[in-house]
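Note that the numbering used here numbers the sequence shown so that position 81 is 83, with each residue one more than the last. Using N, Cα and C, we set each Cβ at its ideal position, and we do this for glycine too.
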Amino acid sequence: MPKRLYQTVRSEQMVPGGRRLALEFRADVERLPAILLLPEGRTPTSAALLLHGYTSRKEHMSDTVGEALLHCGVASLAIDLPLHGERSGSIEPMSVTNPLDVARRWRAALAECSLALGYLGARREVDGGRLAIVGYSLGSFLAVIVAAREPRVRAVALAAGGDLPEGTPFSKLIRTVADPLRAVRRLSGRPLLMVNGRWDRTIRPADAERLFAEAGEPKELRWWDAGHRLPPAAIADAAEWLASQLESGRHAASQ
Numbered sequence: 003m004p005k006r007l008y009q010t011v012r013s014e015q016m017v018p019g020g021r022r023l024a025l026e027f028r029a030d031v032e033r034l035p036a037i038l039l040l041p042e043g044r045t046p047t048s049a050a051l052l053l054h055g056y057t058s059r060k061e062h063m064s065d066t067v068g069e070a071l072l073h074c075g076v077a078s079l080a081i082d083l084p085l086h087g088e089r090s091g092s093i094e095p096m097s098v099t100n101p102l103d104v105a106r107r108w109r110a111a112l113a114e115c116s117l118a119l120g121y122l123g124a125r126r127e128v129d130g131g132r133l134a135i136v137g138y139s140l141g142s143f144l145a146v147i148v149a150a151r152e153p154r155v156r157a158v159a160l161a162a163g164g165d166l167p168e169g170t171p172f173s174k175l176i177r178t179v180a181d182p183l184r185a186v187r188r189l190s191g192r193p194l195l196m197v198n199g200r201w202d203r204t205i206r207p208a209d210a211e212r213l214f215a216e217a218g219e220p221k222e223l224r225w226w227d228a229g230h231r232l233p234p235a236a237i238a239d240a241a242e243w244l245a246s247q248l249e250s251g252r253h254a255a256s257q
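Here you go:
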């Protein structure tokens, strides 16, 4: 973890339930665009890192999961992953036929997620002992790997997530670098929630069930009548679960 992080706040505005900051932070040359939502009221508060899906961007996570968490009194930080959002033209496209390139991009994304957790936990408004991670689709693969490596992550919520789909070159390449099944076994008793669509054709039910089966307790798998795009009710439900888990962690730490 770098000793010093630098940030630039681009804008700040009041939103229902708190504040929304558009910013970027860095520890070296690469800048990470992000959206930080901070609830009004008692501080320090619990917080979650939000990781978007393939071809998506930070705004999608902030405007859905982030707002739901804000309503529950939980802060959030949504970042643009490499090759996405504001960073879509920053580096050359990744070739899925080049294993070394895939591995390099994946490792870079994992390092940036750890950096983002460090930034979030260092904010004075945030309780660094009550951090969580939320991932959607591609972000869920990253989330479980990061959580396995980062004991400061106290709870994990995966939306439209599961094991890597079988039978594709992409999954074979990624599994050589980071295996979700191996990672989920290392959550060490930290609560896990998976929310999935029964009719998802991207992350199929069998993929979700395979990952869930490898996870230890406590864990929950909640099915919704949806495809890969989950309904707002599923997002709100997951946000309430996460807020409850992090609040339980606060009481446990104070005892």
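Within the region 46-133, ranges of the beta strand (DSSP E) (whole runs, at least 3 residues)
47-53 and 77-81
Would you please state the rounded distance, in angstroms, between the beta carbons of residue 165 and residue 212? I believe it to be under 8 Å.
Sequence index remark: in the sequence shown, residue 165 carries index 163 (1-based). Sequence index remark: in the sequence shown, residue 212 carries index 210 (1-based). Yes, they are in contact, since the Cβ atoms of residue 165 and residue 212 sit about 4 Å apart, within 8 Å.
Can you list the alpha helix (DSSP H) stretches of 4 or more residues lying completely in the region 152-203, in chain order?
171-179 and 182-186
Classify residue 227: buried if its beta carbon has 16 or more other beta carbons within 10 angstroms, exposed otherwise.
Against the sequence shown, residue 227 aligns to sequence position 225. That one is exposed.
Sorted by chain position, which residues of the same chain lie with C-beta nearer than 7 Å to residue 94's C-beta, five sequence neighbours on each side aside?
Your numbering for residue 94 matches position 92 in the sequence shown. Below a pLDDT of 50, predicted positions are generally treated as unreliable, and residue 94, at 46, falls in that range; no measurement from the model is reported.
Going straight from the alpha carbon of residue 132 to that of residue 58, what length do you get?
Reading the sequence shown from its first residue, position 130 is the one you call residue 132. Reading the sequence shown from its first residue, position 56 is the one you call residue 58. For residue 132 and residue 58, the distance between alpha carbons rounds to 27 Å.
Checking the sheet assignment: what are the DSSP bridge partners for residue 39?
Looking up residue 39 in the sequence shown gives position 37. Note: residue 39 sits in a beta bridge opposite 22 and 78.
Unbroken beta strand (DSSP E) run spanning residue 222, endpoints:
The residue labelled residue 222 in the question sits at position 220 within the sequence shown. It spans 221-226 - the beta strand (DSSP E) in which residue 222 sits, taken as one unbroken run.
CB contact below 7 Å: residue 243 versus chain D
The structure shown contains no chain D, having only a single protein chain.
DSSP state of residue 232, grouped into three classes?
For the purposes of this step, residue 232 is taken as the residue at position 230 of the sequence shown. Coil.
Taking the C-alpha atoms as reference points, what is the distance between residue 16 and residue 240?
Start at 1 with the first residue of the sequence shown, and residue 16 comes out as number 14. Start at 1 with the first residue of the sequence shown, and residue 240 comes out as number 238. Rounded to whole angstroms, residue 16 to residue 240 spans 24 Å at the Cα level.
Whole-Å CB distance - residue 83 paired with residue 111, under 8 Å assumed
Along the sequence shown, one-based indexing puts residue 83 at 81. Along the sequence shown, one-based indexing puts residue 111 at 109. Rounded, the Cβ-Cβ distance is 6 Å, consistent with contact.
Can you grab the Cα-Cα spacing for the pair residue 231 / residue 242, in whole Å?
The residue given as residue 231 occupies position 229 in the sequence shown. The residue given as residue 242 occupies position 240 in the sequence shown. Going by the C-alpha atoms only, they are around 19 Å apart.
Within the continuous beta strand (DSSP E) that includes residue 14, where are the two ends?
Taking the first residue of the sequence shown as position 1, residue 14 is located at position 12. 8-17 is the extent of the beta strand (DSSP E) around residue 14.
Roughly how many angstroms separate the alpha carbons of residue 72 and residue 20, rounded to a whole number?
Within the sequence shown, the letter at position 70 stands for residue 72. Within the sequence shown, the letter at position 18 stands for residue 20. If you take the alpha carbons of residue 72 and residue 20, they lie about 7 Å apart.
From residue 157 to residue 191, what does the alpha carbon distance come to, in whole angstroms?
For the purposes of this step, residue 157 is identified with residue 155 of the sequence shown, where counting begins at 1. For the purposes of this step, residue 191 is identified with residue 189 of the sequence shown, where counting begins at 1. Each residue's alpha carbon lies about 9 Å from the other.
So, under 8 Å CB-CB, residue 127 and residue 45 are touching, yes? Tell me the CB distance rounded to an integer number of Å.
Position 125 of the sequence shown, counted from the start, is the residue given in the question as residue 127. Position 43 of the sequence shown, counted from the start, is the residue given in the question as residue 45. That pair is a contact at about 5 Å.
Report the CB separation of residue 159 from residue 244 in whole angstroms; it is logged as a contact under 8 Å.
Here residue 159 corresponds to residue number 157 of the sequence shown, with the count starting at 1. Here residue 244 corresponds to residue number 242 of the sequence shown, with the count starting at 1. At roughly 5 Å, the Cβ-Cβ gap stays under 8 Å, so residue 159 and residue 244 are in contact.
What's the call for residue 114, buried or exposed, on a 16-neighbour Cβ count within 10 Å?
Residue mapping note: residue 114 aligns to position 112 of the sequence shown, counting from 1. Answer is buried; the Cβ neighbour count reaches 16.
Who are the near neighbours of residue 10 in its chain, counting only those whose CB is closer than 7 Å to its CB and skipping five residues on each side?
By one-based count along the sequence shown, residue 10 stands at place 8. Cβ within range, chain order: 25 and 26.
CA-CA distance, residue 43 and residue 224?
Counted from its first residue, the sequence shown places residue 43 at position 41. Counted from its first residue, the sequence shown places residue 224 at position 222. Looking at the two C-alpha atoms, the distance is approximately 31 Å.
So, using beta-carbon positions, are residue 259 and residue 38 closer together than 7 Å?
No information on residue 259 is available, as it lies outside the stretch 3 to 257 that the chain covers here.
How is the alpha helix (DSSP H) around residue 216 delimited, first residue to last?
Here residue 216 refers to the residue found at position 214 of the sequence shown. Counting along the chain, the alpha helix (DSSP H) containing residue 216 begins and ends at 207-216.
I'd like the list of long-range same chain contacts for residue 70, defined as Cβ closer than 7 Å, with 5 residues on each side in sequence excluded.
In the sequence shown, residue 70 corresponds to position 68, counting from 1. For residue 70, where only same-chain residues beyond five positions count, the Cβ hits under 7 Å are 237, 238 and 241.
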